[in-house]
DNA sequence: TCAATTCAAACACAGAACTTGTTCGTTTTC
DNA sequence: GAAAACGAACAAGTTCTGTGTTTGAATTGA
């Protein structure tokens, strides 16, 4: 069990129990208490938990999005494949908007050697693209919330309104036929809607764990999207239904 | 002689001669030709030079700013001290604009644990500040030129015009009483001027190697700045003169 | 207050990752 | 076509990173 697996375990227990103890985690992972303490300190830095004597308590409000530091390690392989596939949907010369989110960072990686114009909504994607010599990189204005690495606020909406894109690549937190595409918070919803208004083609990049999920912020019906790129974990039934709504679905 | 020193030597020779040979560099550094080739490949990736059979030729146009990858290793200690000193000029609660430039990245580091609102003009500084939980981080819109990590263009100017700052921390390429403060290119000049218009207090962060230098883009007279923070390499004479122009000078 | 527990700094160690040099077959140059 | 330059692959040395142990200080609860 390596460092990443321990972190996942800690987060899983925090979500289930709300608190953890150093001794319990040392037992579970088979590592020393010192190592567990270091793990907890690390997660405390990220804002995931608060240390207390003997353990830690969760700072993750239930039903709210886990911080970037946690999300970036979920479903890594699927996200890479999805990122690659979305990259293939975009042709050279296009202007592309990239939403926030770990999946979309993989799209940024896929675009890094291409000749395209990109406006990313996350600093993570911006960092990836800034190393490219071929990409023309535009940044939107906006506020970067701590812990998140994504731009929000009225400045961001204004930036989006001022530009037109060939393709917008959006992420989401939940995706169901009944409840449509959902995001975790309302600020994010406003941004996504603005992005959709500014783009000719809208691509939704969502790994299969998102399918069937519903979260608070309602972005719009599934039929508002032109293409869905997801992974092979998506069931045949759900894909058939989404296709019936008029969305082209790619499973990779 | 380690990797960084070799790189510096290679760049120095490129600037002096315009070209270098693998054999010559192997001789000079006392390292194998294979190592030199790897160094050259690395610099070629950064856009500093172009490989040719037997060596490399410079891609650094004379009199133009060396790329970020090179600048970040010049006068490192002085920049750190200057960054720290500028941080002490800024009080909690202020709204601060941070210019591009390697010196200003050090200012960002100094502000990372403070309670301030910051708008950085470089992705490098943004990356530093995005890890902070105390800083409120605003990004300007704009275009990020490849190789550089700084925002430019009309979008950036518009973002600056829309906000008011307590303090703007600017960098420069040259600073002399006769020719004023100068930057390398005109796009940069426009940005710096816009920043100065939006700020109550304007601080210039410039290591002593900049004093006496003159480059193409004229930003304005020295007296337009309220404070200059430089390092102890600055001569007494130059400091006295600049103070006489009405600028508070801190030497650290 | 005391005893038990928890904590974190310091050191030690193993494995990973990076840097460098060498070899050797291929490519380029003249 | 010969000499030089190249770069892939491997090997050796180094540094970095993650982990565990020790130990004295801090915290907790009786």
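Residue numbers (this note's numbering), protein chains in the order written: chain A, -3 to 248; chain B, -3 to 248. We put the beta carbon where it would ideally sit given N, CA and C, even for glycine. These figures come from a predicted structure and were not determined experimentally.
Note that the C-beta distance between residue 90/B and residue 35/B is not below 7 Å.
The stretch 152 to 169 of chain A and the stretch 178 to 196 of chain A touch, with no fewer than 3 CB-CB distances between them shorter than 8 Å. For residue 129/A, a Cβ of chain B is located within less than 7 Å of the residue's own Cβ.
The C-beta distance from residue 118/A to residue 96/A rounds to 4 Å, short enough to meet the 8 Å contact threshold.
For residue 122/B, the nearest beta carbon of chain A is closer than 7 Å to its own beta carbon.
Counting every other CB atom within 10 Å of its CB across the protein chains shown gives residue 120/B a total of 16 or more, marking it as buried. Closer than 8 Å at the C-beta level to chain A, one finds no residue of the stretch 176 to 209 of chain B. In chain A, no part has a C-beta under 9 Å from the C-beta of residue 54/B; the shortest such distance is about 17 Å. Taken atom to atom, the span from the alpha-carbon of residue 104/B to that of residue 79/B is near 8 Å. Within its own chain, the residues whose Cβ lies closer than 6 Å to the Cβ of residue 102/A, once the five positions on either side in sequence are excluded, are 75, 76 and 79, listed in chain order.
CA-CA distance, residue 159/A to residue 4/A, rounds to 39 Å. In this structure residue 87/B is exposed. Its beta-carbon is surrounded by fewer than 16 other beta-carbon atoms within 10 angstroms.
About 6 Å separates the beta carbon of residue 199/B from that of residue 85/B, a gap short enough to meet the 8 Å contact definition. Using beta-carbon distances, residue 79/A does not count as an interface residue toward chain B, since no partner is under 7 Å.
By the rule that beta-carbons nearer than 7 Å mark a contact, residue 140/A touches chain B. Beta-bridge annotation (DSSP): residue 247/A is paired with 226/A. Taking C-beta separations shorter than 7 Å and ignoring five residues to either side along the sequence, the partners of residue 22/A in its chain run 28, 29 and 32, following chain order. Residues of chain A whose Cβ lies closer than 7 Å to the Cβ of residue 147/B are, in chain order, 135. A direct Cα-to-Cα measurement between residue 98/B and residue 51/A gives close to 41 Å. Looking only at 148/B, 219/B, 129/B and 175/B, the smallest Cα-Cα distance to residue 242/B is reached by 219/B. C-alpha of residue 190/B to C-alpha of residue 221/B: approximately 14 Å in a straight line. In the structure shown, residue 156/A adopts helical secondary structure according to DSSP, grouped into three states.
Here the alpha carbon of residue 114/A sits roughly 22 Å from the alpha carbon of residue 215/A. Considering only beta carbons, the part of the stretch 23 to 46 of chain B lying closer than 7 Å to chain A consists of 43, in chain order. For residue 207/B, DSSP records a beta bridge to 171/B. Along the stretch 151 to 163 of chain B, going in chain order, the ones with a CB nearer than 8 Å to a CB of chain A are 151, 155 and 158. Straight through space, the alpha carbons of residue 47/A and residue 139/A are spaced by roughly 29 Å. Chain A places a beta carbon closer than 7 Å to that of residue 119/B, counting this residue as a contact. Nearest to residue 149/B by alpha-carbon distance, out of 148/A, 137/A, 145/A and 144/A, is 137/A.
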